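J.:
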Amino acid sequence: MASRNPVRRLDAHARVQVAQGTAEIVPDPERPDSFTLLVEGTAQSHVDLADPTRLDFEYMRWLGFLIDAADEPGQPLNVLHLGGGAWTLPRYIAHTRPGSRQRVVEIDEPLIEFVREHLPLPKNSNVRVRAGDAREVLTGLTDASVDLMIVDVFSGARIPAHLTSAEFAEQAARVLRPGGIYAANLADGPGLHFARAQVATAQTVFTGTAVIAQPPVLRGRRFGNLVLVAGNAPLPLRILARRTASDVFAARVLAGTDLENFVAGAQPVTDDFAQASPQPPTGLLKG
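Last residue of the sequence shown? That's 942 in the numbering used here, and every number before it is there in order.
Here it is in structure tokens:
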């Protein structure tokens, strides 16, 4: 169902210098109310202002399925988004779960202002956006205060090292409420060394873990996105498996024995040895 909020039309490229380089908002030539945010030529977000339930990026669709399964339909959630982009998922949650309380943390303050100017949030969306480092803000939050945490932080095209460690995961688990769900967008390629270590790291903190990705990525045949899902209560794995398998970007959900085989002896990461995610192949993520 389309949003009834008025749409701000942007008929040409908008471009500005932000902390991470050049940011652009590019109109979709096929849909007048859809836009892609790029930073240094890398696609960061896609937004449909007329229909916030339309998610174009495959990993965003999987996260949308997770949001739908996180509680009863329409039930408000308290959500923390580490990483902002163009606020695609906050818009989705505000539309599908009215009354939700959402916080977005984005380190690049000029980027926040750029998105706010050209792709403003609907009125009464109850989404607070603040500038800050994701881990610093997380460390300062109250225990057991969040139902759902979504981590989608990239510096350029890489996940910063300080957001990949067991110490970071411990802070995430502390802030989640009982039954809360943690989800992180990962990126990896052949060998999947980074993704496997991230699962092993999450397993030191959470009792339940799963990974969502397309088969070619899981087999290490190409670089791509994987979504790590974790929590200390049963995860909605059956719903996720059904919806991801039937999606236009069909994916698998690995859990249990399949996930243990995926991890295959990978070691957890600590602050002392944490590294940023691997650099994607040149041109892969360009818009």
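Built from N, CA and C at the ideal position, the CB exists for glycine as well.
Since the structure is predicted, the reported quantities are computational estimates derived from the model, not experimental observations.
Skipping 5 residues on each side, what residues in its chain have a beta carbon closer than 8 Å to that of R663?
T.: The residue labelled residue 663 in the question sits at position 8 within the sequence shown. In this prediction, R663 has a pLDDT of 49, which is less than 50 and means its spatial position is unreliable; what the coordinates show is noted afterwards. Around R663: L704, H773, L774 and P775.
J.: Could you tell me if L873 is buried or exposed, where buried requires 16 or more neighbouring beta carbons within 10 angstroms of its beta carbon?
T.: Within the sequence shown, numbered from 1, the residue matching residue 873 stands at position 218. L873 comes out buried.
J.: Would T743 be called buried (16 or more neighbouring beta carbons within 10 Å of its own) or exposed?
T.: Position 88 of the sequence shown holds residue 743. T743 should be labelled buried.
J.: Please report how far the alpha carbon of V854 lies from the alpha carbon of N779, in whole angstroms.
T.: Your numbering for residue 854 matches position 199 in the sequence shown. Your numbering for residue 779 matches position 124 in the sequence shown. So the alpha carbons of these two residues sit roughly 37 Å apart.
J.: For A827 and T912, what's the separation of their Cα atoms in angstroms?
T.: As a working mapping, residue 827 is identified with position 172 in the sequence shown. As a working mapping, residue 912 is identified with position 257 in the sequence shown. A827 and T912: Cα-Cα distance of roughly 25 Å.
J.: Applying the criterion that 16 or more other CB atoms from any shown protein chain within 10 Å of the CB defines a buried residue, is S960 buried or exposed?
T.: A query on residue 960 cannot be resolved here, the shown segment of the chain reaching from 656 to 942 and no further.
J.: Grab me the residues of V681's own chain with a C-beta within less than 6 Å of its C-beta, minus the 5 sequence neighbours each way, in chain order.
T.: For the purposes of this step, residue 681 is taken as residue 26 along the sequence shown, with counting starting at 1. Contacts found: H668 and T691.
J.: With distance defined between alpha-carbon atoms, name the residue in N733, A852, P891 and A842 nearest to G879.
T.: Locating residue 879 in the sequence shown gives position 224, counting from the first residue. When each option's Cα is compared against that of G879, the closest is A842.
J.: DSSP state of G676, grouped into three classes?
T.: Sequence index remark: in the sequence shown, residue 676 carries index 21 (1-based). Residue state, collapsed to three classes: strand.
J.: Buried or exposed: where does Q869 fall if 16 or more other Cβ atoms within 10 Å of its Cβ makes it buried?
T.: If you number the sequence shown from 1, residue 869 lands on position 214. By the 10 Å Cβ count, Q869 comes out buried.
J.: Which first and last residues belong to the alpha helix (DSSP H) in which H701 is found?
T.: As a working mapping, residue 701 is identified with position 46 in the sequence shown. H701 -> not in any alpha helix (DSSP H); beta strand (DSSP E) instead, spanning T697 to D703.
J.: Let me check understanding here. Comparing Cα to Cα, which of R746, L847, F769 and L890 lies closest to D802?
T.: Working through the sequence shown from its first residue, we reach residue 802 at position 147. For the residues R746, L847, F769 and L890, the minimum Cα distance to D802 belongs to L890.
J.: By the three-class DSSP mapping on this structure, what secondary structure does N887 have?
T.: Residue numbering aside, residue 887 sits at position 232 when the sequence shown is read from its first letter. Correct three-state label for N887: coil.
J.: Report the option in R813, A824, R790 and D807 whose CA atom is closest to the CA atom of A839.
T.: Along the sequence shown, one-based indexing puts residue 839 at 184. Residue D807 is the option with its Cα nearest to A839.
J.: Under 7 Å, do V903 and L881 count as touching if we go by C-beta distance?
T.: The sequence position of residue 903 within the sequence shown is 248, counting from 1. The sequence position of residue 881 within the sequence shown is 226, counting from 1. No; because the gap between Cβ atoms is not below 7 Å, this pair is not in contact.
J.: Please name the residue in A931, F712 and G696 whose C-alpha comes closest to that of V702.
T.: Within the sequence shown, numbered from 1, the residue matching residue 702 stands at position 47. The candidate whose alpha carbon is nearest that of V702 is F712.
J.: Going by the DSSP bridge assignment, what does V882 pair with across the sheet?
T.: For this step, residue 882 is matched to residue 227 along the sequence shown. DSSP output for V882 lists N840 and I867 as bridge partner(s).
J.: Evaluate contact between the segment 750-763 and the segment 722-735, counting only Cβ atoms and requiring at least three cross-stretch pairs below 8 Å.
T.: Yes, since at least three Cβ pairs between the segment 750-763 and the segment 722-735 fall closer than 8 Å, the two stretches touch.
J.: Can you check DSSP and say which residues form a bridge with V671?
T.: Residue numbering aside, residue 671 sits at position 16 when the sequence shown is read from its first letter. Paired residue(s): A678.
J.: Count the other CB atoms within 10 Å of the CB of Q672; is the residue buried (16 or more) or exposed (fewer)?
T.: Here residue 672 refers to the residue found at position 17 when the sequence shown is read from its first residue. With fewer than 16 other Cβ atoms within 10 Å, it is exposed.
J.: Compute the Euclidean distance between the alpha carbons of A894 and A724, then round it to the nearest angstrom.
T.: Within the sequence shown, numbered from 1, the residue matching residue 894 stands at position 239. Within the sequence shown, numbered from 1, the residue matching residue 724 stands at position 69. One point to set straight first is that residue 894 is Ile, not Ala, in the sequence displayed. Each residue's Cα considered, the two are about 7 Å apart.
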